[in-house]
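Here the structure comes first, spelled out in structure tokens, and everything after it is commentary.
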Amino acid sequence: MFSGIIFDVEGTLVDSVPQNLQSLQEALERFDHEVPYGTLQLYSGLDGDQTLQLLLPAAEEPERKEILKAQGAIYEEKYLQGVRPFDGVRDVFAFLVNRGGRIALATDCKGPALKRYLSLLKVDDLISATACGDDVEHGKPDPRLVGMALRKLALPASQTVMIGDTPYDAEAGLEAGTAAACVLTGGFTTEALVEAGCFAVADDLRALLPSLECGGPDAIKTARTSKAPTALQRRSV
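Everything in the sequence shown is counted per the numbering used here, starting at 39 for the first residue and increasing by one.
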């Protein structure tokens, strides 16, 4: 089994993807940008500014910042209180810790949203480290967030797995040197997650446990080669 298990939060531990996408769509509409929900889904989990650069190539940095600021406000005011944790998160964490694993969170979210999620999950006693949006400038698939979690865990990447719900979680983990696995709770297909380099994909965290028990350093060998296009590159062409 892996010594370190790093979890994404939004879409992986808490059911927040629809709310995040809806708040982004509403923020874009405030700035007279109409983007279909299905298009936004393709970029779920991607760094916010990168998402806007791809969706709105003509938008300058000040406008992008204002859109993201509006999205955050809409989410906190309208949607955050309705977010719920996925079933079984504490059971899964306890299972991993009881078998010697150390758990970290690596999430782009921060502030009131992260505080709310942690209050819902009730797993503080099982978490060894947290790396969040306050710790790094760029979100996933930039690997520095996962790298920060690794440093806080004080474990080598070769003994660690990154678990998320998007191709960008997987790519961030792989770039940081970990293995990658994903759950299907974020709206992406098994094919997309496997193409991103996941050695295992499951419906939910409970269903992923057998793969985590069997996995370890050898799982990193299943990662895609550096020549393969990333999910972001595929969506940029």
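All residues carry an ideal CB built from backbone N, CA and C; glycine is no exception. These numbers come from a predicted model, not from an experiment.
- Separation of T77 and L62 (C-alpha to C-alpha, rounded to the nearest whole angstrom) is 12 Å.
- Per DSSP, the continuous beta strand (DSSP E) segment holding F45 begins and ends at G42 to F45.
- For E175, the three-state secondary structure derived from DSSP is coil.
- DSSP lists no bridge partner for D241.
- Unbroken alpha helix (DSSP H) stretches of 4 residues or longer found wholly inside the region 175-253: 182-191, 205-214, 228-233 and 243-252, given in chain order.
- For S157, the number of other beta carbons within 10 angstroms of its own is below 16, and it is reported as exposed.
- For the options T204, P205 and E213, the alpha carbon positioned closest to that of S196 is the one of E213.
- Distance from the CA atom of R244 to the CA atom of P123, rounded to whole angstroms, is 14 Å.
- Under the three-pair Cβ rule at 8 Å, the region 160-176 does not count as touching the region 203-218.
- Annotated three-state conformation of A167 is strand, per DSSP.
- If you draw a straight line from the Cα of T228 to the Cα of S82, it comes to about 15 Å.
- Within 10 angstroms of the beta-carbon of R140 lie 16 or more other beta-carbons, which makes it buried.
- Here V121 is near V52, since their CB atoms are less than 8 Å apart.
- The residue among I165, G138 and L134 with its C-alpha nearest the C-alpha of A144 is I165.
- With contacts defined by Cβ atoms closer than 8 Å, G253 and A217 form a contacting pair.
- With fewer than 16 neighbouring CB atoms inside 10 Å of its own CB, P194 falls in the exposed class.
- Between Q88 and the set A192, R189, K153 and G177, the nearest pair of CA atoms involves G177.
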